[in-house]
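Chemist: My questions all concern the structure below.
Residue numbers (our numbering), protein chains in the order written: chain A, 838 to 950; chain B, 537 to 649.
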């Protein structure tokens with residue numbers, strides 16, 4: 838059974854600081870997704886990582902994938918309050934054939950002024 | 537309407553009621569999904585439909601009955617639910633042959649009394 842573990846589950850940080858959220862998974866996969874969820878809202882797709890060594894950046898967020906280590910990271914640079922949300926990683930072990938994603942529990946990020 | 541829409545946004549029902557949740561996607565996708573999001577639990581995949589055919593039933597109790605009349609519409613029929621079924625129910629869609637990037641609707645907040 839595929840397990841997807843995120844840490845930390847709760848992260849409180851000051852504006853302007855850097856931090857990294859980690860996503861480990863237990864079975865070989867080369868497809869990993871990051872989503873953001875604001876309170877009371879739906880999930881918004883942030884990044885799609887499709888190969889070993891993939892790195893994608895959008896604004897203050899950068900995501901990377903190491904399929905050999907079964908690890909993805911979401912790095913936050915110079916955090917701002919608007920980044921406060923819950924961040925989920927999700928893994929597809931089917932090779933894209935049955936569209937089944939397994940999600941981590943999410944990391945609740947709070948950025949304080 | 538754009539993206540993925542869901543109705544109703546909020547639903548309160550008794551354990552003996554029958555109700556239905558509706559999802560519509562305006563993205564031209566051909567795969568649709570139902571997820572359940574409970575407090576303190578990872579997002580759980582319930583059902584997957586690909587070209588109107590159900591390809592995944594993640595051991596969901598029979599009191600939840602999905603229906604997919606076409607690639608744009610997805611329903612979740614509810615009957616004799618339990619209080620523990622109270623959750624946010626999210627619909628998503630994706631395109632076959634793409635990176636299975638799933639786009640989510642706003643969700644239906646369900647409360648079972």
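Each residue gets a CB set at the ideal place from its N, CA and C atoms; glycine is no exception. Keep in mind it's a predicted model, so treat the numbers as computed, not measured.
With respect to the beta strand (DSSP E) encompassing residue 869 of chain A, which residues constitute its N-terminal and C-terminal limits?
Modeler: It spans 869-874 - the beta strand (DSSP E) in which residue 869 of chain A sits, taken as one unbroken run.
Chemist: If you follow the beta strand (DSSP E) that residue 645 of chain B is in, where does it begin and where does it stop?
Modeler: 644-648
Chemist: Please identify, using Cβ separations under 7 Å, the residues of the stretch 621-642 of chain B that lie next to chain A, in order along the chain.
Modeler: Residues are counted here when their Cβ sits less than 7 Å from a Cβ of chain A; for the stretch 621-642 of chain B these are 626, 630, 635, 636, 637, 638, 639, 640, 641 and 642, given in chain order.
Chemist: From what residue to what residue does the beta strand (DSSP E) around residue 894 of chain A run?
Modeler: 892-895
Chemist: Shorter than 8 Å from the beta carbon of residue 586 of chain B to some beta carbon of chain A?
Modeler: yes
Chemist: Roughly how many angstroms lie between the CA atoms of residue 614 of chain B and residue 638 of chain B, to the nearest whole one?
Modeler: 24 Å
Chemist: Quick check on residue 903 of chain A: does DSSP put it in helix, strand or coil?
Modeler: strand
Chemist: Measure the beta-carbon distance from residue 552 of chain B to residue 616 of chain B and round it to whole angstroms, keeping in mind my assumption that it falls under 8 Å.
Modeler: 7 Å
Chemist: Does the beta-carbon of residue 602 of chain B have 16 or more other beta-carbons within 10 angstroms, so that it is buried, or is it exposed?
Modeler: buried
Chemist: With a threshold of 16 other CB atoms inside 10 Å of the CB of residue 545 of chain B, please say whether the residue is buried or exposed.
Modeler: exposed
Chemist: Give, in chain order, every residue of the stretch 555-572 of chain B whose Cβ lies closer than 7 Å to some Cβ of chain A.
Modeler: 567
Chemist: Would you call the stretch 875-883 of chain A and the stretch 558-566 of chain B in contact, with 3 or more CB pairs under 8 Å?
Modeler: No, the stretch 875-883 of chain A does not touch the stretch 558-566 of chain B.
Chemist: On the CB-based measure, 16 or more other CB atoms within 10 Å of its CB, does residue 896 of chain A come out buried or exposed?
Modeler: Residue burial is scored here from C-beta neighbours: residue 896 of chain A has fewer than 16 other C-beta atoms within 10 angstroms and is therefore classed as exposed.
Chemist: Taking just the CA atoms, how far does residue 886 of chain A sit from residue 866 of chain A?
Modeler: Residue 866 of chain A and residue 886 of chain A have their C-alpha atoms roughly 11 Å apart.
Chemist: Please list the residues of the stretch 866-896 of chain A that have a C-beta atom closer than 9 Å to any C-beta atom in chain B, keeping them in chain order.
Modeler: 868, 870, 872, 874, 877, 878, 879, 880, 881, 882, 885 and 887
Chemist: Can you check which of these residues, A:929, A:939 and A:851, is closest to residue 635 of chain B by C-alpha distance?
Modeler: A:929
Chemist: With a threshold of 8 Å between beta carbons, is residue 646 of chain B in contact with chain A?
Modeler: With respect to chain A, the C-beta atom of residue 646 of chain B has no partner C-beta closer than 8 Å.
Chemist: If we cut at 8 Å on Cβ distances, does residue 610 of chain B have a partner in chain A?
Modeler: no
Chemist: Which residues in chain B sit within 9 Å of residue 936 of chain A, going by Cβ to Cβ distance?
Modeler: 567, 569, 584, 586, 591, 592, 630, 632, 636 and 638
Chemist: To the nearest angstrom, report how far apart residue 859 of chain A and residue 839 of chain A are at their CA atoms.
Modeler: 16 Å
Chemist: Using Cβ-Cβ distances below 8 Å, what residues of the stretch 853-865 of chain A are close to chain B?
Modeler: none
Chemist: By the criterion of Cβ-Cβ separation under 8 Å, what are the contact partners of residue 929 of chain A in chain B?
Modeler: 636
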